[in-house]
Amino acid sequence: MNDTPALILDEKIRAMLEYGYGAILQFPKYERHVLGAEIKPLTYARD
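Count the sequence shown with numbering that gives the first Met the number 0 and you get residues 0 to 46, in order.
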């Protein structure tokens with residue numbers, strides 16, 4: 000079985016998560032917790 004498409008998808012997902020984490024850190028401190036808590040589950044959901 001060829002796992003190449005799955006590996007490419009995993010790489011892209013990891014890149015998206017790294018970008019999202021950096022974006023959350025740029026939110027204002029007083030909003031970071033609430034917005035981060037809403038965004039993180041959405042990025043980890045693979046539906």
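Note that CB positions come from ideal geometry on N, CA and C, so glycine has one too.
On the three-state DSSP scale, how would you describe residue i?
| i | result |
| --- | --- |
| Ala-36 | helix |
Note down the Cα distance separating residue i from residue j, rounded to an integer number of angstroms.
| i | j | result |
| --- | --- | --- |
| Thr-42 | Arg-31 | 16 Å |
| Val-33 | Leu-16 | 18 Å |
| Ala-5 | Ala-14 | 14 Å |
| Gly-21 | Ile-38 | 12 Å |
Sorted by chain position, which residues of the same chain lie with C-beta nearer than 6 Å to residue i's C-beta, five sequence neighbours on each side aside?
| i | result |
| --- | --- |
| Pro-40 | none |
| Gly-19 | Thr-42 |
Below 8 Å CB to CB, which residues in the same chain sit around residue i once its five sequence neighbours on both sides are set aside?
| i | result |
| --- | --- |
| Phe-26 | Leu-34 and Gly-35 |
| Leu-24 | Arg-31 |
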